[in-house]
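Q:
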Amino acid sequence: MKNKPNSKEIFRLFWKTSAPYKHRRNLAIFFAMLTLVVTIFVGPLIIAQLLSIIQHNQLHNAKNLWTLIALYGVSGLWSSVIGWRLVLYLAWTFETAMQRDLYARCFSKLTNQTIFFHANKFGGSLVSQTNKLIGAVESFWDTIIWSILPLVISLAGSIIILSTLIWQYALFLLIFSIVFSIAVYYGSKPMAKLNKKEAKASNKLSGQLADVISNVLAVKSSGAEATEQKRFTKTVSSWRSASLDTMRGSLKVSTIYSTINTIIKTGAIAFAVYAAQNNLVSVASVYLIITYTGSVAHELWNMNGIMRNYNRIIGNANDMAEILKTPTTLIDKSDKKLKNQKRRKRHGQNNLHTRRRPRRHPIPRLLSSY
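Mind the numbering: the sequence shown is residues 1 to 370 in the working numbering, read in order.
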């Protein structure tokens, strides 16, 4: 197939598939953002205020002490009990509805293809490609809701809040976050190729296994067990080689990510100690610096997983997205050659008739001349 889809086209397919359920999708994203704000920022801010009250020996005079405790309990109830379960319900229901539609679309596409299309494809590969596309669309939205949103909200919110406490540290955190993001972006490019290669090898393996099992009577009747065993062993070896290449690439880039992540955490403690020694910030501010930096470092580390999921999503969805993109009615080359041969025969017969006509006329002309 000539029209291979790129990542933008694959993501556009996922977005259009979710369009009939946009209200539930948007609610899932909204409540995920709300729950993240409460979980990451509201709870630590309340604890920081309590620490400030304790530091200044205002436990007996604080009027809003129990109000803060009640607010902390409500925020914990929302973030731990209500919020994420509501997000899970909304995400699960709209994702399964979207998968149902995509299953129906793939089924319709495959059953309406010509016999020449299926003659050149492993049935098992088509099943594997369909299942991987369905899994890819689920992973796409799960990655957005459970990984990308926490990263964006944690990074943006932490830098904004910390800039009000000590802007130098907020600048330090921003710079290292940018450096980390650049490292992840460029490190993901070679990983994308490796993941595509591994996905294709996996599809080929599944297709060959399913084809042999579904045609086991033909294999046994022709005595081709040994030949099929050799072919399958070779395919398994190719898949394992591709998987190990992916592992080696992942180890290399994750080492760089871990190093930068460690520098960020160490820098947070160093800045907190320096600020406390010079009376630049309070104990509550030190707590917020360490807490928010830990949250940012955790989400930055998850960026490695986000890019890994991104590459896996593209690799898994590529083959079936390519089939969905092509016209349903395919022109087989052998059929086209047959038509060309018939056309040439008809053209040759027409030329034969035109060549025969002049031979008929000379005789009457000769007779008429006499």
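Glycine included, C-beta positions come from ideal geometry on N, C-alpha and C. Remember, it's a predicted structure, so these values are computed and weren't measured experimentally.
Below 8 angstroms between beta carbons: does that hold for residue 149 and residue 32?
A: Result yes, Cβ atoms of residue 149 and residue 32 sit closer than 8 angstroms.
Q: Put residue 230 into one of helix, strand or coil per three-state DSSP.
A: Of the three classes helix, strand and coil, the one that applies to residue 230 here is helix, per DSSP.
Q: Please name the residue, chosen from 165, 130, 118 and 80, that lies closest to residue 283 on a Cα-to-Cα basis.
A: When each option's Cα is compared against that of residue 283, the closest is 165.
Q: If we call anything under 8 angstroms between Cβ atoms a contact, is residue 177 one with residue 300?
A: Yes, they are a contact pair.
Q: Just to confirm my understanding: we take residue 385, look at its own chain, exclude 5 residues before and 5 after, and list those with CB closer than 7 angstroms. What are they?
A: In the structure as shown, the chain starts at 1 and stops at 370, and residue 385 therefore has no counterpart that could be examined.
Q: In this structure, how does DSSP classify residue 323 when only helix, strand and coil are distinguished?
A: Correct three-state label for residue 323: helix.
Q: Nearest to residue 200 by alpha carbon, out of 318, 223, 14 and 6?
A: For residue 200, the nearest C-alpha among the options comes from 318.
Q: When we look at the beta-carbon of residue 247 and count the other beta-carbons within 10 Å, is it buried (16 or more) or exposed?
A: When all chains shown are included, residue 247 counts as exposed.
Q: Going straight from the alpha carbon of residue 260 to that of residue 180, what length do you get?
A: Each residue's Cα considered, the two are about 7 angstroms apart.
Q: Note down, in chain order, each residue of its chain lying with its Cβ closer than 6 angstroms to the Cβ of residue 39, except the 5 sequence neighbours on either side.
A: Within the same chain, residue 39 has close Cβ partners 79.
Q: Going straight from the alpha carbon of residue 171 to that of residue 210, what length do you get?
A: The straight-line gap from Cα to Cα measures roughly 56 angstroms.
Q: From the DSSP output, in three-state form, read off residue 37 for me.
A: Helix at residue 37.
Q: For the stretch 48-56 against the stretch 139-147, are there 3 or more C-beta pairs whose distance is under 8 angstroms?
A: No, the stretch 48-56 does not touch the stretch 139-147.
Q: Is it the case that the Cβ atoms of residue 184 and residue 307 are separated by a distance below 8 angstroms?
A: Yes.
Q: Between residue 269 and residue 162, which are expected to be in contact by the criterion C-beta below 8 angstroms, what is the C-beta distance as a whole number of angstroms?
A: Residue 269 to residue 162, Cβ: 14 angstroms. No contact.
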